[in-house]
Amino acid sequence: MSDCIFCKIISGEIPSTTVYEDDHTKAILDVNPAARGHVIVLPKAHAANIFEIDDDSLSKAMCVAKKIAAALKAAYNCDGVNILQNNGEAAGQTVFHLHIHVIPRFEGDEVAMGWKPGAMPEDMDKIADEIKAAI
Numbered sequence: 079m080s081d082c083i084f085c086k087i088i089s090g091e092i093p094s095t096t097v098y099e100d101d102h103t104k105a106i107l108d109v110n111p112a113a114r115g116h117v118i119v120l121p122k123a124h125a126a127n128i129f130e131i132d133d134d135s136l137s138k139a140m141c142v143a144k145k146i147a148a149a150l151k152a153a154y155n156c157d158g159v160n161i162l163q164n165n166g167e168a169a170g171q172t173v174f175h176l177h178i179h180v181i182p183r184f185e186g187d188e189v190a191m192g193w194k195p196g197a198m199p200e201d202m203d204k205i206a207d208e209i210k211a212a213i
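Per the numbering used here, numbering of the sequence shown is gapless, rising by one per residue and ending at 213.
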């Protein structure tokens, strides 16, 4: 897609710092990292979000995310790793080319992520039935 910043990065039109690349995927350092070593995994085939990407491309990107997570553990001895993937503006997506954030985490690192835990809904069976019916 001609106006997609990630497509331009993948094609080399915009420079990036690549940590991994194969025929289907490119992994780059995030220019606005949440933590040292924050990597973005990019499927090379453009798809705006999880609703548009084909299963094969998504599977390959997730396998690369796993490989990057292992590399971050080996390189930084991090205590954990966040794997994040946002879909739609309401979910925080700002670049509409599916991408996976792989962020190394350390005890007490103060990287802000998460949500306030809420009470378990009383109608969990109804919620589950609604989701099952849509699958």
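Positions of the beta carbon are idealized from the N, C-alpha and C atoms, including for glycine.
Within 8 angstroms, strictly: CB atoms of Ala139 and Thr103: In terms of Cβ geometry, Ala139 and Thr103 form a close pair [threshold 8 angstroms].
Unbroken beta strand (DSSP E) run spanning Leu120, endpoints: Taken as a continuous stretch (DSSP letters only), the beta strand (DSSP E) holding Leu120 covers 117 to 121.
According to DSSP, residues forming a beta bridge with Ala105: BP columns for Ala105 point to Tyr98, Val119.
CA-to-CA distance, Leu107 to Ala190, given in whole angstroms: The C-alpha of Leu107 is placed about 19 angstroms away from the C-alpha of Ala190.
Val173, DSSP secondary structure in three states: Coil, per DSSP.
Burial state of Pro182 (16 or more Cβ within 10 Å): Buried: at least 16 other Cβ atoms inside 10 Å.
Environment of Gly115 [buried if 16+ CB atoms lie within 10 Å]: Its Cβ being crowded by 16 or more others within 10 Å, Gly115 is buried.
Proximity test, Ala169 beta-carbon vs the ligand FAD heavy atom, cut-off 7 angstroms: Within the structure as shown, the ligand FAD is missing, as the structure has no ligands at all.
Ser94 classed as buried or exposed, judged by whether at least 16 other C-beta atoms fall within 10 angstroms: Answer is buried; the Cβ neighbour count reaches 16.
DSSP bridge partner residues for Pro182 (one or two, in chain order): According to DSSP, Pro182 bridges with Val159.
Proximity to Gly186 [Cα-Cα], best of Asp157, Leu162, Leu120, Cys82: It is Asp157.
Local conformation of Lys194 per DSSP, three classes: Lys194 falls in the coil class under three-state DSSP.
Residue burial classification, Val69 (beta-carbon count within 10 angstroms, cutoff 16): Nothing about residue 69 can be reported from this structure: the residues present for the chain run from 79 to 213 only.
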